[in-house]
């Protein structure tokens, strides 16, 4: 026979109740195995009612929160950059809108330097009459003479 075998089996049976910090499991000596099934149910209901009473005695949860935000400096507090704007980082959407407005202004300035036909986006002529484009008068004679010399 192995010594200590009976002591090992005895310690396993009582180990669950000793670790139960809340007292929910059965206490030692309160085993329901020897009772009639109706008595077992009554005793189990009594224990669950006692546990429900203990849980009902707990304080209600408080759903109140206190949120504290750090104070943001106002734009008039002197935190201005070089251009008189607030020294915060520019938002991507604002930057995109500003760049689009700058591009539109540059395009409008470029279109303003073109002729009125190009501003109205009229089609260009297919055949160009060179006689109408040639200068007339004394300037024409001087240009023809310069071309002959070359």
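Residue numbers (the UniProt record's numbering): 1 to 150.
We treat Cβ as the ideally placed atom computed from N, Cα and C, and that holds for glycine.
Please report the distance separating the alpha-carbon of residue i from that of residue j.
{"i": "residue 74", "j": "residue 118", "result": "49 Å"}
{"i": "residue 110", "j": "residue 103", "result": "11 Å"}
{"i": "residue 92", "j": "residue 101", "result": "14 Å"}
{"i": "residue 120", "j": "residue 96", "result": "28 Å"}
{"i": "residue 126", "j": "residue 94", "result": "45 Å"}
{"i": "residue 43", "j": "residue 59", "result": "27 Å"}
{"i": "residue 67", "j": "residue 61", "result": "18 Å"}
{"i": "residue 138", "j": "residue 147", "result": "14 Å"}
{"i": "residue 145", "j": "residue 98", "result": "55 Å"}
{"i": "residue 142", "j": "residue 105", "result": "43 Å"}
Under three-state DSSP, which class holds residue i?
{"i": "residue 60", "result": "coil"}
{"i": "residue 71", "result": "coil"}
{"i": "residue 54", "result": "helix"}
{"i": "residue 96", "result": "helix"}
{"i": "residue 128", "result": "coil"}
{"i": "residue 120", "result": "coil"}
{"i": "residue 42", "result": "helix"}
{"i": "residue 48", "result": "helix"}
{"i": "residue 89", "result": "coil"}
{"i": "residue 149", "result": "helix"}
By Cβ distance below 7 Å, which residues in the same chain neighbour residue i in space, the five residues on each side in sequence not counted?
{"i": "residue 9", "result": "Because residue 9 carries a pLDDT of 49, less than 50, the predicted location of this residue cannot be relied on, and the following value inherits that uncertainty. Answer for residue 9: no residue qualifies."}
What does a CB cutoff of less than 6 Å around residue i pick up in its chain, not counting 5 residues either side in sequence?
{"i": "residue 113", "result": "none"}
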